[in-house]
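Notes for the one structure printed next.
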Amino acid sequence: AQKITQTQPGMFVQEKEAVTLDCTYDTSDPSYGLFWYKQPSSGEMIFLIYQGSYDQQNATEGRYSLNFQKARKSANLVISASQLGDSAMYFCAMREGRGSGTYKYIFGTGTRLKVLA
Amino acid sequence: EAQVTQNPRYLITVTGKKLTVTCSQNMNHEYMSWYRQDPGLGLRQIYYSMNVEVTDKGDVPEGYKVSRKEKRNFPLILESPSPNQTSLYFCASSKGLLQGAPKYQETQYFGPGTRLLVL
Chain A
35 AQKITQTQPG MFVQEKEAVT LDCTYDTSDP SYGLFWYKQP SSGEMIFLIY QGSYDQQNAT
95 EGRYSLNFQK ARKSANLVIS ASQLGDSAMY FCAMREGRGS GTYKYIFGTG TRLKVLA
Chain B
329 EAQVTQNPRY LITVTGKKLT VTCSQNMNHE YMSWYRQDPG LGLRQIYYSM NVEVTDKGDV
389 PEGYKVSRKE KRNFPLILES PSPNQTSLYF CASSKGLLQG APKYQETQYF GPGTRLLVL
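Here the protein sequences line up with chains A and B, keeping their order.
Numbering-wise, our numbering comes out as the position in the first sequence, counting from 1, plus 34.
Numbering-wise, our numbering comes out as the position in the second sequence, counting from 1, plus 328.
As structure tokens, this is what we get:
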């Protein structure tokens, strides 16, 4: 069954340091997309970064990068130079099922990140 | 402004009283979806729609109905709400997947959420 696993329920990081949030996935579909979303305490879902299964290079968006290791089925989010505003819940998600003509999204349970001043 | 809107944002109701949560997007997106978010469980997909008149079940469809009569609207219907449907609900939309399309077309954009309490 398709699955997203985030093993870190909560993490702390010192301001200005880098932090890695773990995400592993499981799918038998050769075509899939991986996403990270941020949910601050205000509740909205903010898209951060995307990686396609056929993309050769790791995705980067400003201070966010996605460490994509296809053989290990991992898609870890790296936040460089953490800021206090990065304190939030982070969700890893996967889009799968493209080959069948329909597709679904699956989310992990999230990692709550707290940035310390 | 490109956005996904949901109404109402907050709702308190009683068991068995039918309710509808509306969702509308102004980006001409083909794909729309409903999720519920519960503590410790992340987001779980309830229903999704690939296009007008095309809907399908997600992982937790029981107790919910949807319809997609227009491209921009995707209402979520709870025919007989129960307390276990107390949750935070999100609507989302994306352009959809096309062969050779830019990768960001599959990125979902979320509405602000609807917090539902069923007594």
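Note that the Cβ used here is the ideal one computed from N, Cα and C, for glycine as well.
By the 16-neighbour rule on beta-carbons within 10 angstroms, Ser99(A) is buried. Between Gln85(A) and Met79(A), the C-beta gap is not smaller than 8 Å, which leaves the two residues out of contact. Taking the C-beta atoms as reference points, Thr414(B) is found no nearer than 8 Å to Leu371(B).
Within the same chain, Ser116, Gln117, Leu118, Val149, Leu150 and Ala151 come within 8 Å of Glu49(A) by CB-CB distance, once the 5 residues on both sides are set aside. The beta carbons of Lys346(B) and Glu390(B) sit about 16 Å from each other, so the pair does not count as a contact at 8 Å.
Met79(A) has a beta carbon lying within less than 8 Å of a beta carbon in chain B. Residues of chain A with a Cβ closer than 8 Å to the Cβ of Pro440(B) are, in chain order, Gly77 and Glu78. Among the bridge pairs identified by DSSP, Leu82(A) is matched with none. Scanning chain A for C-beta atoms nearer than 7 Å to the C-beta of Ser415(B) yields nothing, as the closest lies near 13 Å away. Note on the segment 52-133 of chain A: there is no whole alpha helix (DSSP H) run with a minimum of 4 residues. Not a single C-beta of chain A is nearer than 8 Å to the C-beta of Tyr392(B).
By the rule that beta-carbons nearer than 8 Å mark a contact, Gly144(A) touches chain B.
Per the Cβ contact rule, the segment 330-344 of chain B is not in contact with the segment 139-147 of chain A (fewer than 3 Cβ pairs under 8 Å). Only exposed fits Thr94(A), as fewer than 16 other CB atoms lie within 10 angstroms of its CB. At a cut-off of 8 Å between C-beta atoms, Phe69(A) counts as an interface residue with respect to chain B.
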